[in-house]
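Asker: Following this message is one structure expressed as structure tokens.
There are 2 protein chains.
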Amino acid sequence: MIGRLVIVGVGLIGGSFALALKQAGAVRSVAGLGRSAQAMERALELGIVDEICTSAQEAMCGADLVLLAAPVGQTGAILESLLPHLESNTIITDAGSTKSDVVAAARAALGGRIGQFVPGHPIAGSESNGPDAAMAGLYRGKKTVLTPLPENDPAAVERVAAAWRLCGSLIHKLSPADHDRVFAAVSHLPHLLAYALVDDIAAKPHAGLLFQYAASGFRDFTRIAGSSPEMWRDISLANRDALLTELDAYLAQLTTLRATLAAADGHGLETVYANAQRARREWIEAIEAGSPPQLHQDTE
Amino acid sequence: MIGRLVIVGVGLIGGSFALALKQAGAVRSVAGLGRSAQAMERALELGIVDEICTSAQEAMCGADLVLLAAPVGQTGAILESLLPHLESNTIITDAGSTKSDVVAAARAALGGRIGQFVPGHPIAGSESNGPDAAMAGLYRGKKTVLTPLPENDPAAVERVAAAWRLCGSLIHKLSPADHDRVFAAVSHLPHLLAYALVDDIAAKPHAGLLFQYAASGFRDFTRIAGSSPEMWRDISLANRDALLTELDAYLAQLTTLRATLAAADGHGLETVYANAQRARREWIEAIEAGSPPQLHQDTE
Numbered sequence: 001m002i003g004r005l006v007i008v009g010v011g012l013i014g015g016s017f018a019l020a021l022k023q024a025g026a027v028r029s030v031a032g033l034g035r036s037a038q039a040m041e042r043a044l045e046l047g048i049v050d051e052i053c054t055s056a057q058e059a060m061c062g063a064d065l066v067l068l069a070a071p072v073g074q075t076g077a078i079l080e081s082l083l084p085h086l087e088s089n090t091i092i093t094d095a096g097s098t099k100s101d102v103v104a105a106a107r108a109a110l111g112g113r114i115g116q117f118v119p120g121h122p123i124a125g126s127e128s129n130g131p132d133a134a135m136a137g138l139y140r141g142k143k144t145v146l147t148p149l150p151e152n153d154p155a156a157v158e159r160v161a162a163a164w165r166l167c168g169s170l171i172h173k174l175s176p177a178d179h180d181r182v183f184a185a186v187s188h189l190p191h192l193l194a195y196a197l198v199d200d201i202a203a204k205p206h207a208g209l210l211f212q213y214a215a216s217g218f219r220d221f222t223r224i225a226g227s228s229p230e231m232w233r234d235i236s237l238a239n240r241d242a243l244l245t246e247l248d249a250y251l252a253q254l255t256t257l258r259a260t261l262a263a264a265d266g267h268g269l270e271t272v273y274a275n276a277q278r279a280r281r282e283w284i285e286a287i288e289a290g291s292p293p294q295l296h297q298d299t300e
Numbered sequence: 001m002i003g004r005l006v007i008v009g010v011g012l013i014g015g016s017f018a019l020a021l022k023q024a025g026a027v028r029s030v031a032g033l034g035r036s037a038q039a040m041e042r043a044l045e046l047g048i049v050d051e052i053c054t055s056a057q058e059a060m061c062g063a064d065l066v067l068l069a070a071p072v073g074q075t076g077a078i079l080e081s082l083l084p085h086l087e088s089n090t091i092i093t094d095a096g097s098t099k100s101d102v103v104a105a106a107r108a109a110l111g112g113r114i115g116q117f118v119p120g121h122p123i124a125g126s127e128s129n130g131p132d133a134a135m136a137g138l139y140r141g142k143k144t145v146l147t148p149l150p151e152n153d154p155a156a157v158e159r160v161a162a163a164w165r166l167c168g169s170l171i172h173k174l175s176p177a178d179h180d181r182v183f184a185a186v187s188h189l190p191h192l193l194a195y196a197l198v199d200d201i202a203a204k205p206h207a208g209l210l211f212q213y214a215a216s217g218f219r220d221f222t223r224i225a226g227s228s229p230e231m232w233r234d235i236s237l238a239n240r241d242a243l244l245t246e247l248d249a250y251l252a253q254l255t256t257l258r259a260t261l262a263a264a265d266g267h268g269l270e271t272v273y274a275n276a277q278r279a280r281r282e283w284i285e286a287i288e289a290g291s292p293p294q295l296h297q298d299t300e
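Chains A and B, in that order, give the protein sequences.
Read in full-length UniProt numbering, the first sequence has 146 at position 146, and its numbers run on one by one without any break.
Read in full-length UniProt numbering, the second sequence has 24 at position 24, and its numbers run on one by one without any break.
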């Protein structure tokens with residue numbers, strides 16, 4: 001049982017964590033801390049938090065577990081503000097989509113207290129933001145990746161893992177660097193590509209005509225371009241090196257495919273398309289079968 | 001009432017057209033013609049067609065309306081095979097995703113009989129293929145774009161439009177060239193981008209690890225990469241010039257965005273992301289409001 005849970009940033013991610021733990025009967029009280037007074041009031045109205053705190057001191061008093069669920073660029077400043085009020089038994093975790101930068105910011109902010117910070121990333125989300133988007137079931141059946149630090153007490157890591165398990169989540173562990181390489185490829189790059197496509201089309205003189213004929217394929221392809229620009233700006237900057245590596249690989253792939261198309265090489269096009277179709281089908285089949293991941297050594 | 005409807009290629013698109021017209025009580029009998037005996041047998045089993053034809057002669061005898069629903073690269077060869085058996089009252093239409101090449105192939109194949117061919121494109125689909133994917137409701141509420149030719153009798157265009165309306169579809173009209181430019185941007189390019197991303201990831205040495213952490217955003221972004229490689233090879237080749245133009249614009253956009261990211265220009269990134277988010281939200285709101293398209297002069 002978590003006595004006092006503090007959520008810093010009560011939107012989709014932080015709010016859903018609080019709701020899930022409340023639904024599981026695993027938390028006595030939830031305190032909210034955030035930039036937007038309006039969002040905090042709404043979170044209180046919705047029963048996501050029991051109390052709105054207006055200072056770090058107030059929030060951290062007696063805190064058992066603190067979840068940072070603000071854009072990753074704010075991690076350092078938030079931790080600096082929490083540190084003077086950090087009690088010895090409090091564990092802080094986060095839900096940031098990048099980990100190397102979060103760990104660096106946490107080390108800089110917390111210094112010798114870094115052992116009390118257990119980095120994490122729930123692999124769940126939606127293009128909707130804010131407390132109204134929060135739902136108790138958001139993490140059910142979804143993975144949460146923890147990237148524990150050498151300084152973390154195993155018991156601290158287990159406290160964080162246990163909270164996510166109570167949300168219905170499956171715990172995986174990766175190093176911060178491996179985490180960032182993986183998510184640059186399967187999440188950060190697709191977001192950038194989707195934003196780029198919609199911006200590209202919206203800037204054309206005949207954008208109105210184009211959008212008129214965009215259909216369900218376009219809708220799904222660009223769904224992630226409905227995500228928070230501020231959050232994804234921060235993620236892009238925080239994971240810049242890995243994202244540039246993936247973007248360059250993709251640009252090289254597109255350039256090759258452009259040459260294949262320009263040469264009217266139907267066999268070459270069909271090979272790429274068929275490889276992609278097969279790889280995606282195998283991936284979907286593995287998900288639907290609920291089969292264990294092939295590389296299980298990193299998971300528990 | 002359509003007396004005899006002939007479907008050439010009884011998969012998702014052709015099968016759904018037949019089922020919708022049957023459900024509307026608007027067709028007396030449906031004949032199927034296609035390459036795959038197995039698919040034709042299945043279409044008969046499913047009640048999509050009433051009769052399997054093994055020759056163009058057999059299929060075209062007494063035909064009122066013929067729908068070509070095979071990959072667009074086969075349009076010329078199919079029309080050549082139909083021409084010797086084309087009766088004067090028969091109208092042929094198609095469901096191809098590209099129109100300039102289809103019209104060129106039709107002119108070459110049909111010569112002086114080109115007036116009997118009314119080009120069309122229903123804006124509906126699925127990543128599933130084959131007769132089992134066919135459904136009567138596929139076209140309900142979706143647009144069908146006709147690109148009539150100067151040689152078409154208005155009554156012939158109206159016969160095709162009426163059939164699509166009976167499927168629940170809304171009729172729009174564009175020139176073949178405008179059609180191809182529009183769909184290069186909002187459909188053909190996204191397909192190419194999605195195929196390229198999945199192929200890129202599948203080719204990496206740690207593809208297994210990557211797919212393990214791919215989540216719902218990746219799933220939606222790549223849904224269209226589950227589409228038929230043969231069909232999309234043909235579309236890519238058929239609309240090569242317009243697709244290259246759109247791909248080049250997108251590559252330029254990505255190259256600019258890469259520089260923005262490399263320079264850690266957070267404001268620049270957020271501007272692109274926020275433009276995209278806003279444009280997409282306005283588009284979705286217009287769809288949900290069922291508002292009339294802004295550029296209504298091309299529609300009826």
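Idealized CB from N, CA, C, for every residue including glycine.
Check whether the segment 264-283 of chain B touches the segment 219-230 of chain B, taking contact to mean three or more Cβ pairs, one atom from each stretch, closer than 8 Å.
Answerer: Verdict: no, contact absent.
Asker: Can you give me the C-alpha to C-alpha distance between B:Gly-217 and A:Ser-187, rounded to a whole angstrom?
Answerer: Reading the second sequence from its first residue, position 217 is the one you call residue 217 of chain B. Reading the first sequence from its first residue, position 187 is the one you call residue 187 of chain A. C-alpha separation (whole angstroms): 7 Å.
Asker: Note down, in chain order, all residues in the segment 236-262 of chain A with a beta-carbon under 7 Å from any beta-carbon belonging to chain B.
Answerer: From the segment 236-262 of chain A, only Ser-236, Leu-237, Arg-240, Leu-243, Leu-244, Leu-247, Ala-249, Tyr-250, Leu-251, Gln-253, Leu-254, Leu-257, Arg-258, Leu-261 and Ala-262 have a Cβ closer than 7 Å to chain B.
Asker: Count Cβ pairs between the segment 150-169 of chain B and the segment 112-120 of chain B that sit closer than 8 Å; are there 3 or more?
Answerer: Yes, the segment 150-169 of chain B is in contact with the segment 112-120 of chain B.
Asker: Going by other Cβ atoms of all chains shown within 10 Å of its Cβ, with 16 needed for buried, is B:Met-1 buried or exposed?
Answerer: Counting from one through the second sequence, the residue named residue 1 of chain B turns up at place 1. The residue in question, B:Met-1, is exposed, as its Cβ has fewer than 16 Cβ neighbours within 10 Å.
Asker: Which residues in chain A have a C-beta closer than 7 Å to the C-beta of B:Glu-288? List them in chain order.
Answerer: Position 288 of the second sequence, counted from the start, is the residue given in the question as residue 288 of chain B. By Cβ distance, chain A contributes nothing, its closest Cβ being about 11 Å from B:Glu-288, past 7 Å.
Asker: What residues from chain B crowd round A:Gly-226, counting only those whose CB sits closer than 9 Å?
Answerer: Position 226 of the first sequence holds residue 226 of chain A. Per Cβ cutoff of 9 Å: Ala-276, Gln-277, Arg-280, Arg-281 and Ile-284.
Asker: Mapping DSSP to helix, strand and coil, what is A:Asp-64?
Answerer: Your numbering for residue 64 of chain A matches position 64 in the first sequence. Of the three classes helix, strand and coil, the one that applies to A:Asp-64 here is coil, per DSSP.
Asker: Kindly indicate the opening and closing residues of the alpha helix (DSSP H) around B:Ala-161.
Answerer: Here residue 161 of chain B corresponds to residue number 161 of the second sequence, with the count starting at 1. Start and end: 154-166.
Asker: Is it right to say B:Asn-89 is buried, meaning 16 or more other beta carbons lie within 10 angstroms of its own, or is it exposed?
Answerer: Along the second sequence, one-based indexing puts residue 89 of chain B at 89. Classification for B:Asn-89: exposed.
Asker: Applying a beta-carbon distance threshold of less than 8 Å, which residues of chain B neighbour A:Val-272?
Answerer: On the first sequence, residue 272 of chain A is found 272 positions in, with the first residue counted as 1. Correct list: Tyr-195, Ala-196 and Asp-199.
Asker: What does the alpha-carbon distance come out to for the pair A:Leu-83 and A:Leu-149?
Answerer: Sequence index remark: in the first sequence, residue 83 of chain A carries index 83 (1-based). Sequence index remark: in the first sequence, residue 149 of chain A carries index 149 (1-based). So the alpha carbons of these two residues sit roughly 18 Å apart.
Asker: Can you give, in chain order, each stretch of the alpha helix (DSSP H) that sits fully within the segment 163-245 of chain A and has at least 4 residues?
Answerer: DSSP runs (the alpha helix (DSSP H)) wholly in the segment 163-245 of chain A: 176-183, 189-202, 207-213, 216-221 and 229-238.
Asker: So which residues of chain B does A:Trp-232 contact, with C-beta pairs closer than 7 Å?
Answerer: On the first sequence, residue 232 of chain A is found 232 positions in, with the first residue counted as 1. Those within 7 Å of A:Trp-232 in chain B are Tyr-273.
Asker: What residues in the segment 200-222 of chain B have a beta carbon less than 9 Å from any beta carbon of chain A?
Answerer: Against chain A - using a Cβ distance shorter than 9 Å - the residues of the segment 200-222 of chain B are Asp-200, Ile-201, Ala-202, Ala-203, Lys-204, His-206, Ala-207, Gly-208, Leu-209, Leu-210, Phe-211, Gln-212, Tyr-213, Ala-214, Ala-215, Ser-216, Gly-217, Phe-218, Arg-219, Asp-220, Phe-221 and Thr-222.
Asker: Could you check what DSSP says for B:Leu-138 in three-state terms: helix, strand or coil?
Answerer: Counting from one through the second sequence, the residue named residue 138 of chain B turns up at place 138. Here B:Leu-138 sits in coil by DSSP.
Asker: Apply the 10 Å Cβ neighbour rule to residue 301 of chain B and answer buried if 16 or more other Cβ atoms are within range, or exposed otherwise.
Answerer: Beyond the ends of chain B as shown, which are 1 and 300, falls residue 301 of chain B; an answer cannot be given.
Asker: What alpha helix (DSSP H) runs, 4 residues minimum, are completely inside the segment 16-81 of chain A?
Answerer: Complete alpha helix (DSSP H) runs here, min 4: 37-45 and 56-60.
Asker: Which residues does DSSP pair with B:Lys-143 in a beta bridge?
Answerer: Residue numbering aside, residue 143 of chain B sits at position 143 when the second sequence is read from its first letter. B:Leu-170, per the DSSP bridge assignment.
Asker: Quick check on the burial criterion: 16 or more other C-beta atoms within 10 angstroms. Buried or exposed for A:Arg-35?
Answerer: As a working mapping, residue 35 of chain A is identified with position 35 in the first sequence. Exposed, because fewer than 16 other Cβ atoms sit within 10 Å of the Cβ of A:Arg-35.
Asker: What did DSSP end up calling B:Gly-120 once you bin it into helix, strand or coil?
Answerer: Position 120 of the second sequence, counting from 1, holds the residue named residue 120 of chain B. If DSSP states are grouped into helix, strand and coil, B:Gly-120 belongs with the strands.
Asker: Considering only C-alpha positions, which residue in the set B:His-191, B:Ala-70, B:Ala-184 and B:Ile-92 is nearest to B:Gly-62?
Answerer: In the second sequence, the residue the question calls residue 62 of chain B occupies position 62. Among B:His-191, B:Ala-70, B:Ala-184 and B:Ile-92, the Cα nearest to that of B:Gly-62 is on B:Ile-92.
Asker: Tell me which residues share the same chain as B:Ala-70 and place their Cβ nearer than 7 Å to its Cβ, disregarding the 5 neighbours each side in the sequence.
Answerer: The residue you call residue 70 of chain B lines up with position 70 of the second sequence. Answer for B:Ala-70: Val-8, Gly-9 and Ile-78, listed in chain order.
Asker: Can you find a CB in chain B that lies within less than 9 Å of the CB of A:Val-186?
Answerer: Along the first sequence, one-based indexing puts residue 186 of chain A at 186. Output row for A:Val-186: interface = yes.
Asker: Less than 9 Å between the C-beta atoms of A:Leu-19 and A:Ala-136, yes or no?
Answerer: Locating residue 19 of chain A in the first sequence gives position 19, counting from the first residue. Locating residue 136 of chain A in the first sequence gives position 136, counting from the first residue. Taking 9 Å as the Cβ cut-off, A:Leu-19 and A:Ala-136 qualify as a contacting pair.
Asker: Which residue from A:Val-27, A:Ala-286, A:Gly-125 and A:Leu-68 puts its Cα closest to that of B:Gln-212?
Answerer: Position 212 of the second sequence, counted from the first residue, corresponds to residue 212 of chain B. Here the closest residue by C-alpha is A:Ala-286.
Asker: Could you give the DSSP three-state label for B:Trp-283: helix, strand or coil?
Answerer: Within the second sequence, numbered from 1, the residue matching residue 283 of chain B stands at position 283. Helix, per DSSP.
Asker: Expressed to the nearest angstrom, what Euclidean distance is found between the alpha-carbon atoms of B:Arg-258 and A:Lys-143?
Answerer: Looking up residue 258 of chain B in the second sequence gives position 258. Looking up residue 143 of chain A in the first sequence gives position 143. In a straight line, the C-alpha of B:Arg-258 is about 30 Å away from that of A:Lys-143.
Asker: If we cut at 9 Å on Cβ distances, does A:Phe-17 have a partner in chain B?
Answerer: Residue numbering aside, residue 17 of chain A sits at position 17 when the first sequence is read from its first letter. It does not: the Cβ of A:Phe-17 has no partner Cβ on chain B nearer than 9 Å.
Asker: Using the Cβ count rule (16 or more neighbours within 10 Å means buried), how would you classify A:Ala-252?
Answerer: Looking up residue 252 of chain A in the first sequence gives position 252. By the 10 Å Cβ count, A:Ala-252 comes out exposed.
Asker: Pairing CB atoms from the segment 168-176 of chain B with CB atoms from the segment 239-247 of chain A, are three or more of them under 8 Å?
Answerer: Contact between the segment 168-176 of chain B and the segment 239-247 of chain A is absent, because fewer than three Cβ pairs lie under 8 Å.
Asker: B:Leu-110 lies in the alpha helix (DSSP H); which residues open and close that run?
Answerer: Here residue 110 of chain B is taken as the residue at index 110 of the second sequence, counted from 1. 100-110 is the span of the alpha helix (DSSP H), which, as asked, contains B:Leu-110.
Asker: Could you check the C-alpha separation between B:Glu-269 and A:Ala-106 for me, to the nearest Å?
Answerer: Position 269 of the second sequence, counted from the first residue, corresponds to residue 269 of chain B. Position 106 of the first sequence, counted from the first residue, corresponds to residue 106 of chain A. Residue identity differs from the one stated: residue 269 of chain B is Leu in this sequence, not Glu. Those two C-alpha atoms are separated by around 24 Å.
Asker: Indicate whether B:Asp-234 and B:Gln-74 have their beta-carbon atoms separated by less than 9 Å.
Answerer: Here the question's residue 234 of chain B lines up with position 234 in the second sequence. Here the question's residue 74 of chain B lines up with position 74 in the second sequence. Yes.
Asker: At a CB-CB cut-off below 9 Å, which residues of chain A make contact with B:Leu-170?
Answerer: By 1-based counting over the second sequence, the position of residue 170 of chain B is 170. What B:Leu-170 touches in chain A: nothing, since even the nearest Cβ is about 11 Å away.
Asker: If you count every other CB in all the chains shown that lies within 10 Å of the CB of B:Gly-3, and 16 or more means buried, which is it?
Answerer: Looking up residue 3 of chain B in the second sequence gives position 3. So B:Gly-3 ends up on the exposed side.
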